[in-house]
Amino acid sequence: MPQSLYQKIAVKPLALAAAIALSMGVISTQTYADAAAPAAFYQVQSGSLTQALNSLAQQANVSLLLNSAKTGRYQVQALKGRYTPDQLFAVLVQNTPFEIQKTAAGYVLTEKPAAQPAALASANTAAKAEASKPAAPSSISGQNQTYQMTPIVVEAEQKDTIKFGQSVLNQKAIDRYQANNVAQFLDNMPSVGSAGSPRPGGQTINILGMGGVADVPITLDDSVKSFDKYRQGSVFIEPEILKKITVDKGPHNVKVGNGGFGGKVTLETKDAADLLKEDKNFGTFLKYSRFSNNSQNTYTGAVYGRAENQLADGMLYYTKRDSGDVKRPDGSKFLYSAQEQDTYLAKLNLHPADGQKISLNAMRSGHRGWEPFAAMRDQDAVPTETDIKKYGYDEAWKRKLVYRDQTDTSYSASYELDPADNPYLNFKATASYSETKQHDTRLPSSTAGAVGNLGNESWVNYANTALKLLNISDFKTAYGTHKVKVGAQYQKMKQKSLMHVKSKDNDAEYNYGYYEPNYMPAGDQQMYSAFAEDQYQIGAVTITPSLRYDAIKNQGYGNKAPRFNTVSSGHIYADKTYTGWSPRLALAWQQADYLTWFANISKTWRAPRIDEQYSVDAPGGKIAATSLSLKPEKMLAVRLGSEMNFDDVLADDDHLQVRLTYHRNRGSDQIFRTRSVLCKAQADIIAQGGSSNADACNGNHDSSGYRNATDYTVKAYEAEVFYNQPTWFTGLTYSYIRGQHDNSPVNPWFDQKTWMIDIPPKKATATLGVNVLEHHLTMGWRGTFVDAQNRRLSDHDKSISATSFSLPKTKGYSLHSVYAEWQPAGEKGPVLNFSIDNLFNRDYKMYLGEYMTGTGRDYKLSISQKF
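Below, the structure is given as structure tokens:
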């Protein structure tokens, strides 16, 4: 049967389904080419020409359009070294009847005008041998889609093969979103969302219903970020410095230890190589952005260059973000949500020899201004009319605020050794340090600073020191190929806290007003880890077992206030060590060129954080003690799914990508604050309809501030569809997450299942766009459709504590936006990005934002130019 006819028959049912979906306005992408990248180190494994070209396009972050039915007939040898993408593309196709052409839309593989007879004869012979096989998927990189689904490559010789739950935002998507913060980028991904407010630094990231800092670790150029201040966000990274955001879902990454139950977010900053024009050794970059909603101006400038011998390159990058208050859809403002932030980025890369690289990275950002103490919430403290009359409007408001001085820094240094002639050595060592500091000050007239809001003045510092070693070795045997990863990690997370409460200035029990908040203690957590993973491929099957060992030591520093340093009340800040293994197994089966099945099963754990282990209450309280009796929280996670790639579905040169995923995460010994019911005797009285307090326990209960409460189950279903043609693109994502406790986290003896707190509502996202290639124009529409969330912990557990931990129910809503990217003068000219967010100015409330009002319509325009 002719191959083209086979393709049309094989995909006809799916093509019909795609056509129906497209008529409903679904989403995806097509590709535009970035400007040619300068020389860099690339590695291409031996194998089919299709595989080699795809690998290069992915490494260089460029788009490529090819017909894999033709390129799949040719083989190439492994290549390593420093090339420009143009040079390496030319090398790969030099002995074939093809050539690579560069267009405004990307790289395109075409047949040479006059192919050599020998090459044509070889192609004809290969075509006959392959006539009965379906074609492999083509490489249409989805750089215009909402985000990119990293293709699953079932081939152990590839650098990373197991990327089942991974989603990537590339430079084009980052530029097109024009986001105010990192969390906004991720709202369009299934099972991923943001919580918090639009205020500076008021966001956290939620993946698969898990939103804690321990559940979603974040790294910036290999620097760990772990800010966990009470009632504050956890992400402070300036979006303008980023070139790539990678999201892993679930605890299936062997490189992540001590948590990561929800997943991991990896942020990568720009390099000189990303900005330099071809044939240039020096360049500058300027960009200006204007957002209408909060009258925001963003100014960006960069200088970068490389040595003529290409042994070194470097970059200095600066961004200033200056805005007014954010407006709600009704026109009112989030008062004191304005921000003024400066960010500096410096990078240096050295290439002393082929296969060696030394990288030095430094980032610093900071902002100052009047803000509400709780950055994650709306305006929850407002002045009274009496205060306004007494102090005046400005001072009355500022008495309810803090003047915040914040700095966020990251430093990393790495060394890579990857000799071309040694398949057993691909080594990287990385050392990093990051620190986030906040200094809050209240007006002198605010004499009664609340202890729960860190008093009249506070100093908080979170620092992370890390060292990571990793080597990847390739082995070939008669029974398959192996890619073995072996690594070791050291990480120290240190937190310091101090507040000044003026009302305690004369009280020795409170160290005369200067002491650590009892609910946010000082201490450190050290982690020593080792891991190994073997990606073993035999035929169309890849089996990837891995094993990780972590030893974690927590150490409390005590409290300067004698009141919270009383041994007889259980205020014991002794060190506590946790050790354990995390086995994982990943499987992939490429049933056909267009169909891959995948599965993961992972068993992992996390130790208590410093706040959970060493928080205390005042002497005499029922739960006054530190929590040294805590057991580690455990997770058994399963992921199942399939990915399908089809070419020529509705027309020539189109591509359809479909990924379906099911997650099931079973958590046990959940670490939760001790509240409400403290023992079974008290629970039994309440279950019978009576009223009871902790006195019913007769002192027979755990007095720790945190305890291992109830077990829980999270199930998630995802569907992702991306369809691309050279001139238009469309697609759809959908996610549904359901989470339940076996009992109640505030009452472990509660005899019913209860809804989990941080589970987002059902969500679908859609996009539809067109590429006008001759005018270098891309424009499109995006939609986000969020269902109502009507499940609360207090639906079953009616206690006061359960109600206080429940989030308000929310109604469903839909948000629409449009965008356009235009290069009026082609590759040499400026790039204009224009978008309108919340096009219809829809008023809505966000569930994970604790009923936070959404932001109103926002016109966004940016213009950038490379010189």
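Sequential numbering of the sequence shown, starting at 46, is according to the numbering used here. Glycine included, each C-beta is placed from N, C-alpha and C at the ideal position. Quick caveat: nothing in here was measured; it's all calculated off a predicted structure.
Query                                                                                                                           : Result
Assigned exposure category for residue 172 - 16 Cβ within 10 Å defines buried                                                   : Its pLDDT being 39, under 50, residue 172 is placed unreliably by the model, and the measurement read from it follows with that caveat. Exposed: under 16 other Cβ atoms inside 10 Å.
Contact set for residue 131: own chain, Cβ-Cβ below 8 Å, skip 5 residues either direction                                       : 81, 145, 147 and 323
Cβ pair residue 762, residue 784 closer than 8 Å                                                                                : no
Inter-residue spacing [alpha-carbon to alpha-carbon] between residue 603 and residue 315                                        : 41 Å
Nearest to residue 752 (by Cα), restricted to the options 513, 653, 389 and 828                                                 : 653
Collapsed DSSP secondary structure at residue 281 in the structure displayed                                                    : coil
Buried versus exposed, by CB contacts within 10 Å (16 or more), residue 226                                                     : buried
Nearest-angstrom Cα separation, counted from residue 111 out to residue 68                                                      : Any reading at residue 68 is ruled out, since the residue's pLDDT is 35, under 50, leaving its predicted position unreliable.
Residue burial classification, residue 339 (beta-carbon count within 10 angstroms, cutoff 16)                                   : buried
Short Cβ contact (8 Å threshold) for residue 444 with residue 483                                                               : no
Opening and closing residue of the alpha helix (DSSP H) in which residue 85 lies                                                : Careful: residue 85 lies outside any alpha helix (DSSP H), inside the beta strand (DSSP E) at 85 to 89.
Cβ distance (whole Å) where residue 912 is taken to contact residue 645 below 8 Å                                               : Wrong, their Cβ atoms sit about 47 Å apart, outside the cutoff.
Backbone secondary structure at residue 523 - three-state DSSP                                                                  : coil
Alpha carbon of residue 433 to alpha carbon of residue 498, nearest angstrom                                                    : 22 Å
Contact under 8 Å by Cβ, residue 713 with residue 297                                                                           : no
Residue 305 - DSSP class collapsed to helix/strand/coil                                                                         : coil
Backbone secondary structure at residue 871 - three-state DSSP                                                                  : helix
Within the stretch 607 to 638, ranges of the beta strand (DSSP E) (whole runs, at least 3 residues)                             : 621 to 637
Residues bridged to residue 590 (per DSSP)                                                                                      : 630
Whole-angstrom distance between residue 463 and residue 87, CA atom to CA atom                                                  : 10 Å
CA nearest to the CA of residue 267, picked from 365, 513 and 896                                                               : 513
Buried or exposed (CB count within 10 angstroms, at least 16 for buried), residue 893                                           : buried
Inter-residue CB distance, residue 467 and residue 517 (contact presumed, cutoff 8 Å)                                           : Wrong, their Cβ atoms sit about 11 Å apart, outside the cutoff.
Beta-carbon separation (whole angstroms), residue 773 vs residue 814, contact threshold 8 Å                                     : 7 Å
Residue 851 - DSSP class collapsed to helix/strand/coil                                                                         : coil
Candidates 557, 535, 634 and 627, of which the one nearest residue 581 by Cα                                                    : 634
Proximity of residue 308 and residue 295 at Cβ, strictly below 8 Å                                                              : yes
Whether residue 856 touches residue 833 by CB criterion (8 Å)                                                                   : yes
Residue 540 vs residue 563 beta-carbon contact at 8 Å                                                                           : no
Cβ-based neighbour list, residue 329, same chain, cut-off 6 Å, excluding 5 preceding and 5 following                            : 348 and 912
Residues near residue 201 by beta carbon distance below 7 Å, same chain, minus five either side                                 : Annotation note: pLDDT 48 at residue 201 (below 50); position unreliable, coordinate value reported separately. The residues are 526, 527, 528, 580, 581, 582 and 587.
Through-space distance from residue 802 to residue 898, alpha-carbon basis                                                      : 19 Å
Alpha carbon of residue 823 to alpha carbon of residue 288, nearest angstrom                                                    : 19 Å
Cut-off 7 Å between Cβ atoms - residues of its own chain near residue 253, not counting five sequence neighbours on either side : 236, 294, 295, 307, 308, 708, 710, 759, 761 and 782
Reduced DSSP secondary structure (H/G/I, E/B, other) of residue 668                                                             : coil
Classification of residue 178 by the beta-carbon crowding that lies within 10 angstroms, buried from 16 upward                  : Bear in mind that a pLDDT of 36 at residue 178, under 50, signals an unreliable position, so the model cannot answer this.
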